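Colleague: Submitted below is the structure of interest, expressed as structure tokens.
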Amino acid sequence: MAAPHVWLDENGVAWVDQANTKVIQIVQDMMAHGWSPEEIHFQHPHLSLAQIHAAIAFYYDHQAALDTEIKASLGRYRKARAKTLNSPLRRKLLAAVKTG
Numbered sequence: 037m038a039a040p041h042v043w044l045d046e047n048g049v050a051w052v053d054q055a056n057t058k059v060i061q062i063v064q065d066m067m068a069h070g071w072s073p074e075e076i077h078f079q080h081p082h083l084s085l086a087q088i089h090a091a092i093a094f095y096y097d098h099q100a101a102l103d104t105e106i107k108a109s110l111g112r113y114r115k116a117r118a119k120t121l122n123s124p125l126r127r128k129l130l131a132a133v134k135t136g
């Protein structure tokens, strides 16, 4: 399943070669912000355009699996966020802001 500039770790997670960046991170930037490869490069100058294009190509070659992972990641985020919305620390910080 790997491709040029992309490798899979032991858990099957796709990474951009020599960049410490997951393919899914590049895809999420593209989807969330509507960024072009050039804008992704501007925002992440440690990535070459070849690496970015390879990550995007990898995404399109494995779109169903990566879309499933993106949805699962969003679900985990929402669940974690819901747990913290009314945490004791958050309540304390909000009270401090209101009285400050």
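Residue numbers for the sequence shown follow the numbering used here, so the first one is 37 and each next one is one higher.
All C-beta atoms in this analysis are idealised placements derived from N, C-alpha and C, irrespective of residue type, glycine included.
This one's a predicted model, so the numbers in the text were calculated from it and none came from an experiment.
1. Looking at Ile92: is its Cβ nearer than 8 Å to the Cβ of Pro73?
2. Buried or exposed for Phe78, going by 16 or more other Cβ atoms inside 10 Å?
3. Go ahead and label Leu85 buried or exposed: buried means 16 or more other beta carbons lie within 10 angstroms of its beta carbon, across all protein chains shown.
4. Is the segment 99 to 114 touching the segment 44 to 62 in the sense that three or more CB pairs, one from each, lie closer than 8 Å?
5. Return the chain-ordered ranges of every alpha helix (DSSP H) run that is complete within the segment 47 to 121 and spans a minimum of 4 residues.
6. Going by DSSP, name the residue or residues bridged to Val42.
Modeller: This is what the structure holds:
1. yes
2. Answer is exposed; the Cβ neighbour count stays below 16.
3. exposed
4. yes
5. 59 to 69, 73 to 79, 85 to 97 and 99 to 120
6. Residue pairing of Val42 in beta bridges, as defined by DSSP: Ala39 and Val52.
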